[in-house]
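These protein sequence lines map, in sequence, to chains A, B and C. Adding 350 to a residue's 1-based position in the first sequence gives its number in this note's numbering. Adding 4 to a residue's 1-based position in the second sequence gives its number in this note's numbering. Adding 19 to a residue's 1-based position in the third sequence gives its number in this note's numbering. Take a look at the structure below.
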Amino acid sequence: MSATTSPNTGSTGEGPGVTVLEARNATRRFGGLLAVNNVSFSVARGQIFGLIGPNGAGKTTLFNLFTGMQSASEGVLLHDGEEINTLRPFEIAERGVARTFQNIRLFGNMTVFENVRTAKHLSTSAGLLSDVLGLPSARRERRETLTQSWELLELTGLTHRAHDDAKSLPYGEQRRLEIARALALEPKVLLLDEPAAGMNPSEKNDLTEFIRFVRDRFDLTVMLIEHNVKLVMSVCEQIAVLNFGQLIAMGAPAEVQRDPAVIEAYLGGEG
Amino acid sequence: MSFVRNLPQNFFDGLSIGSVYALFALGYTLIFSILRIVNFAHGAIFTIGAYFTYVLTGGTLGGGNFPFSNTRVPFSLNFWIALVLGALLAGLVNVAIERFAFRPLRNRNADTLLSLVSSLGVSLMLSNLIQNLVGSDPLPAPEPIPGSKPSFDVASVIIQTSRLLTFAVAVIVMAGLWYLLNRTRTGKALKAVSEDATTSSLLGISTNRLILFTFMLCGVLGAVAGTMVSTNFNITGPYMGSEYALIGLAVIVIGGLGDIPGAVLGGFLLGILQTVVSSISFRIGFWDWDFSGSSWKDAVPFITLAIVLLVRPQGLLGRAQIQKV
Amino acid sequence: MRVPRSLLSGLLLLSLLVGFSVVPGLSPAVKVYMLTAGALCGLSAYLPLMAGQLSLASPAFYLIGGYATGMVSVLWVKEDFETGYWKVPLGFAKITFTSELYPWQMVVVELILGAIVAAAFGFVVGTIALRLQGIYLALVTIGAVEILRILVLQDQIGPFKGPLDPGDPERIRHLGPFGGATGLPGQLRTEGMPQPVDFEWQYLLIAIPLVILCAYFVFRLERGRTGRALAAIREDELAASAMGIRPKYYKVLAFVLSAVFASFAGTIYAHAQNAWSYRQATFALATAMLAGAVVGGTRTFLGPIVGGMVITGLFEALRSLAGVDGLPGGLRDVLLNISPFVQGLIMTVVCVFLSKGLISARLVDRLFPRDTTLFRPASDAAPEGGR
Numbered sequence: 351m352s353a354t355t356s357p358n359t360g361s362t363g364e365g366p367g368v369t370v371l372e373a374r375n376a377t378r379r380f381g382g383l384l385a386v387n388n389v390s391f392s393v394a395r396g397q398i399f400g401l402i403g404p405n406g407a408g409k410t411t412l413f414n415l416f417t418g419m420q421s422a423s424e425g426v427l428l429h430d431g432e433e434i435n436t437l438r439p440f441e442i443a444e445r446g447v448a449r450t451f452q453n454i455r456l457f458g459n460m461t462v463f464e465n466v467r468t469a470k471h472l473s474t475s476a477g478l479l480s481d482v483l484g485l486p487s488a489r490r491e492r493r494e495t496l497t498q499s500w501e502l503l504e505l506t507g508l509t510h511r512a513h514d515d516a517k518s519l520p521y522g523e524q525r526r527l528e529i530a531r532a533l534a535l536e537p538k539v540l541l542l543d544e545p546a547a548g549m550n551p552s553e554k555n556d557l558t559e560f561i562r563f564v565r566d567r568f569d570l571t572v573m574l575i576e577h578n579v580k581l582v583m584s585v586c587e588q589i590a591v592l593n594f595g596q597l598i599a600m601g602a603p604a605e606v607q608r609d610p611a612v613i614e615a616y617l618g619g620e621g
Numbered sequence: 005m006s007f008v009r010n011l012p013q014n015f016f017d018g019l020s021i022g023s024v025y026a027l028f029a030l031g032y033t034l035i036f037s038i039l040r041i042v043n044f045a046h047g048a049i050f051t052i053g054a055y056f057t058y059v060l061t062g063g064t065l066g067g068g069n070f071p072f073s074n075t076r077v078p079f080s081l082n083f084w085i086a087l088v089l090g091a092l093l094a095g096l097v098n099v100a101i102e103r104f105a106f107r108p109l110r111n112r113n114a115d116t117l118l119s120l121v122s123s124l125g126v127s128l129m130l131s132n133l134i135q136n137l138v139g140s141d142p143l144p145a146p147e148p149i150p151g152s153k154p155s156f157d158v159a160s161v162i163i164q165t166s167r168l169l170t171f172a173v174a175v176i177v178m179a180g181l182w183y184l185l186n187r188t189r190t191g192k193a194l195k196a197v198s199e200d201a202t203t204s205s206l207l208g209i210s211t212n213r214l215i216l217f218t219f220m221l222c223g224v225l226g227a228v229a230g231t232m233v234s235t236n237f238n239i240t241g242p243y244m245g246s247e248y249a250l251i252g253l254a255v256i257v258i259g260g261l262g263d264i265p266g267a268v269l270g271g272f273l274l275g276i277l278q279t280v281v282s283s284i285s286f287r288i289g290f291w292d293w294d295f296s297g298s299s300w301k302d303a304v305p306f307i308t309l310a311i312v313l314l315v316r317p318q319g320l321l322g323r324a325q326i327q328k329v
Numbered sequence: 020m021r022v023p024r025s026l027l028s029g030l031l032l033l034s035l036l037v038g039f040s041v042v043p044g045l046s047p048a049v050k051v052y053m054l055t056a057g058a059l060c061g062l063s064a065y066l067p068l069m070a071g072q073l074s075l076a077s078p079a080f081y082l083i084g085g086y087a088t089g090m091v092s093v094l095w096v097k098e099d100f101e102t103g104y105w106k107v108p109l110g111f112a113k114i115t116f117t118s119e120l121y122p123w124q125m126v127v128v129e130l131i132l133g134a135i136v137a138a139a140f141g142f143v144v145g146t147i148a149l150r151l152q153g154i155y156l157a158l159v160t161i162g163a164v165e166i167l168r169i170l171v172l173q174d175q176i177g178p179f180k181g182p183l184d185p186g187d188p189e190r191i192r193h194l195g196p197f198g199g200a201t202g203l204p205g206q207l208r209t210e211g212m213p214q215p216v217d218f219e220w221q222y223l224l225i226a227i228p229l230v231i232l233c234a235y236f237v238f239r240l241e242r243g244r245t246g247r248a249l250a251a252i253r254e255d256e257l258a259a260s261a262m263g264i265r266p267k268y269y270k271v272l273a274f275v276l277s278a279v280f281a282s283f284a285g286t287i288y289a290h291a292q293n294a295w296s297y298r299q300a301t302f303a304l305a306t307a308m309l310a311g312a313v314v315g316g317t318r319t320f321l322g323p324i325v326g327g328m329v330i331t332g333l334f335e336a337l338r339s340l341a342g343v344d345g346l347p348g349g350l351r352d353v354l355l356n357i358s359p360f361v362q363g364l365i366m367t368v369v370c371v372f373l374s375k376g377l378i379s380a381r382l383v384d385r386l387f388p389r390d391t392t393l394f395r396p397a398s399d400a401a402p403e404g405g406r
């Protein structure tokens with residue numbers, strides 16, 4: 351298969367957008383294994399960008415590189431044109447990049463509502479003392495946090511679950527809670543790692559609309575990893591295909607679908 | 005300098021105590037390697053082992069108003085037979101601990117914090133039980149080889165017979181353990197599980213029986229260590245194991261948690277370091293200060309631990325763990 | 020399941036409290052006083068647990084609190100033997116308290132000084148232990164206690180020799196910077212620690228407000244932004260950091276607060292103990308503090324408070340039962356010595372059968388309702404298109 355993809359400089363087929371996220375020759379090794387191998391691409395502001403590929407293609411690793419959970423062995427990762435290679439996860443979050451996790455990582459013993467409220471951490475500033483003393487600023491902040499948290503639950507349709515423990519939710523609702531929690535950060539960039547996994551068909555349909563809806567409502571750039579080809583093709587404006595850690599194709603959904611290398615990777619992988 | 009002159013002596017004494025540390029720590033590390041938990045009751049097993057051997061050799065228990073005060077068993081076994089039987093009994097106690105304090109928690113997949121607290125509780129119960137049954141009087145240690153010379157000189161080094169025997173027993177038991185782990189079916193299974201729990205469960209290794217076997221084995225290791233220590237320093241009371249419980253933990257973390265050669269290395273390292281540091285003493289005339297290393301002896305394991313963790317968090321021989329995101 | 024559980028814990032609590040209150044040999048004031056110290060110890064063990072950190076360092080901070088008390092009240096503040104007044108030399112001035120009782124204001128100073136030193140030590144231990152979890156962390160914290168114990172035991176640390184030993188006729192021997200093995204006041208004051216009260220019950224005037232204050236502090240903390248951050252770290256550190264929570268900051272904060280509470284416990288205990296030495300900080304104390312937190316329940320502040328009281332109450336109850344006249348010697352010995360066994364039994368039984376502890380988070384939520392229902396949107400009909 352042809353694995354040589356020229357470094358993309360950020361201009362996409364669908365009108366010029368400012369580059370928000372960019373990988374330049376990003377590489378990540380685990381021992382002798384190249385999980386991500388010399389990958390370069392960029393995501394424009396306001397885009398819904400899909401990252402697809404067979405299992406073990408390095409998609410989640412790429413997310414981890416962007417969110418500071420793993421560090422790149424080589425190459426550069428940029429957010430808003432600034433290098434973010436050495437930033438730690440909370441610094442990435444402070445820059446307005448939020449993510450969900452493939453293997454759901456909710457705060458299981460906290461209620462649904464507390465999960466969302468906890469993620470309002472960055473948009474609040476009450477320190478220990480103002481919390482304990484109940485200063486006016488902390489009280490005002492609390493009112494805002496509560497209102498916004500309820501809004502997010504309403505948006506994700508979890509209001510009726512607000513006081514249940516997060517771990518007691520069915521799979522599909524846990525996925526939605528992950529998204530609600532990420533949105534609570536008031537991010538500018540949202541990274542969704544397999545948001546549809548475990549959802550039933552009707553939930554998946556809703557998800558397509560929902561992703562567009564939050565993008566427009568919160569003025570987001572969305573990057574998502576997804577196995578469900580139908581969902582990716584219908585929601586994404588730009589798609590990058592990874593295989594064995596390498597970028598094998600990139601472009602609009604229709605182009606990518608026709609790409610021989612992609613067909614080879616998918617059919618070869620399954621056959 | 006006296007420090008250099010005493011070095012061979014300290015080295016020998018350190019080897020002897022280090023061999024006990026290693027033997028004892030192996031009991032921690034084997035359980036950790038298969039269950040990922042620490043059996044805090046291991047120190048109590050150490051104590052119980054020493055008491056069992058003492059009782060089986062026909063020793064009289066301490067005075068006072070306790071139920072078994074001033075009593076002794078109506079027979080007296082040879083030290084070596086008593087050592088083996090006592091160790092096996094201690095192993096059974098360890099099996100009971102696994103059955104009642106660990107398995108219920110494992111079955112419901114509880115937080116590891118709970119198993120830590122639960123085994124701490126068992127450790128308190130066991131030591132205190134001894135105290136309430138036989139009192140806390142120190143007891144004279146049984147003599148491994150009756151009538152042997154207490155010590156002899158080799159060059160400038162005074163070799164105490166009990167220390168030499170301790171070293172020899174520890175090395176023999178460790179060699180036996182090595183044989184068990186590398187040459188027998190059960191041992192190989194144990195080693196396989198300790199190295200990779202998921203793969204071995206796929207291979208169909210019966211885990212519950214293996215866990216019981218491991219607790220038995222670890223009980224034996226702890227009890228032998230306890231008995232050999234008692235032949236050097238007597239049975240100092242029902243809490244003689246608590247100091248070793250902490251040192252043993254330091255040993256396995258220094259060597260690398262769950263790493264078998266690491267525990268041996270860590271044990272010898274700490275034993276030698278501790279004896280050497282104890283012998284250091286110097287004077288700073290400016291402050292009119294006599295520094296004596298022996299008062300810092302008990303801090304050596306923890307200071308070593310802190311340094312090792314700062315330099316090599318996974319321990320000397322441990323492998324770095326990759327966290328899965 | 021919930022009813023028998025709460026019934027069980029309620030009965031257990033009630034029987035312990037009744038048992039404790041009827042035991043002879045201790046005045047009610049002393050009983051309550053010990054319970055307050057137990058509650059503070061429980062809180063101290065609880066704070067690191069809030070962030071999922073198992074710390075056994077609390078006895079070190081407890082030791083610091085007690086030594087702060089001893090050094091202020093014995094080495095710094097001096098009694099004027101003619102008037103019986105208390106003098107505080109400040110270098111540039113000398114404050115005299117015109118009372119024959121040890122001034123309570125100085126107890127407050129002890130509390131604050133102890134808290135500052137303990138917080139600094141907690142900061143250091145917390146920072147060293149940052150990367151560690153579980154058993155590694157527990158071990159390093161045990162080590163911290165051990166090292167501090169050995170430090171205060173020294174006869175001399177560098178140039179510091181401590182006060183002269185009054186028992187030495189040649190006036191050349193020093194006691195060590197912290198009073199050495201005998202501790203404080205050691206040979207320095209035959210009457211022991213100076214007492215700030217005439218009657219035992221007056222201790223409660225300091226201890227009870229202090230405990231209520233600390234409990235309120237932890238309660239507010241738990242319900243606030245800091246508490247949620249700590250809980251998030253306990254649940255999933257990586258996910259928490261992806262939400263912008265700085266794990267290191269909060270872990271160290273938890274350690275520092277834990278240190279402050281333990282130091283408070285040390286200060287209020289030291290006066291009642293009449294003396295303080297390195298023997299106060301033992302591994303057994305660390306396990307007792309941890310047991311208090313786990314037995315009471317580690318999900319909400321009330322658990323460790325109740326648990327700390329239960330464990331302390333249990334020890335004292337057994338000890339004072341042994342003091343009853345006319346007991347056979349064997350039974351008395353057992354009563355005097357059995358408390359570790361009972362503590363161990365409770366620890367194991369709670370872990371195996373009652374893993375959430377005596378006080379559940381739900382109970383506290385019922386007692387002190389959360390504010391989450393505020394601002395809840397009136398209509399339950401969420402826009403379905405939103406999904």
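Glycine included, each C-beta is placed from N, C-alpha and C at the ideal position. Please read all numbers here as calculations on a predicted model, not as lab measurements.
Delimiting residues of the beta strand (DSSP E) encompassing residue i
i      : result
B/Q164 : 161 to 164
B/S285 : 285 to 288
A/N593 : 588 to 593
A/L574 : 571 to 575
Through-space distance from residue j to residue i, alpha-carbon basis
i      : j      : result
B/P71  : C/P347 : 13 Å
A/Q420 : C/R389 : 37 Å
C/D174 : B/V59  : 41 Å
A/R445 : A/L472 : 10 Å
A/G621 : A/D609 : Reliability of the predicted coordinates at A/G621 is poor, the pLDDT of 36 falling under 50, and no value is obtained from them.
C/L158 : B/A254 : 7 Å
Proximity to residue i [Cα-Cα], best of the options
i      : options                        : result
B/I21  : B/S296, B/W182, B/L269, B/N74  : B/L269
B/L277 : B/V99, B/N14, B/R9             : B/N14
B/V8   : B/I307, B/I288, B/I284, B/G322 : B/I284
C/P185 : C/F394, C/G205, C/I264         : C/G205
C/G202 : C/T102, C/L54, C/A300          : C/A300
A/T410 : A/V606, A/E523, A/L542, A/A469 : A/L542
B/L92  : B/L225, B/G151, B/H46          : B/L225
A/S416 : A/R449, A/G367, A/E464         : In the sequence as presented, Ser is not what sits at residue 416 of chain A; that position holds Phe. Nearest of A/R449, A/G367, A/E464 to A/F416, Cα basis: A/R449.
Cutoff 8 Å; reference residue i; Cβ partners in own chain excluding five residues on either side
i      : result
B/K192 : L185, N186
A/T354 : Residue placement at A/T354 is poorly supported in this model, since its pLDDT is 39, which falls under 50; the coordinates still yield a value, given next. Contacts found: none.
Chain-order list of residues whose beta-carbon lies under 6 Å from that of residue i (same chain, five-residue window excluded)
i      : result
B/F286 : F295
First and last residue of the uninterrupted alpha helix (DSSP H) at residue i
i      : result
B/S140 : Element bounds for B/S140: n/a, residue is neither H nor E.
A/N375 : Where A/N375 is concerned, there is no enclosing alpha helix (DSSP H), although the beta strand (DSSP E) it sits in stretches over 369 to 380.
C/L232 : 222 to 242
Other residues of its chain near residue i: CB distance less than 7 Å, five sequence neighbours each side excluded
i      : result
B/T61  : S80, L81, F83, A86, P146
B/N98  : I49, F219, M220, C222, G223
C/P402 : Unreliable positioning characterises C/P402 in this predicted model, as indicated by a pLDDT of 44, which lies under 50. A coordinate reading is not provided.
For this session: May I have a chain-ordered list of the beta strand (DSSP E) segments no shorter than 3 residues that lie completely inside the segment 393 to 426 of chain A?
Result: 398 to 402
For this session: Could you pull out every unbroken alpha helix (DSSP H) segment of at least 4 residues lying fully inside the segment 452 to 514 of chain A, listed in chain order?
Result: 462 to 468, 478 to 483, 486 to 505
For this session: Give, in chain order, every unbroken run of the beta strand (DSSP E) that is at least 3 residues long and sits entirely within the segment 68 to 118 of chain C.
Result: 105 to 108, 113 to 116
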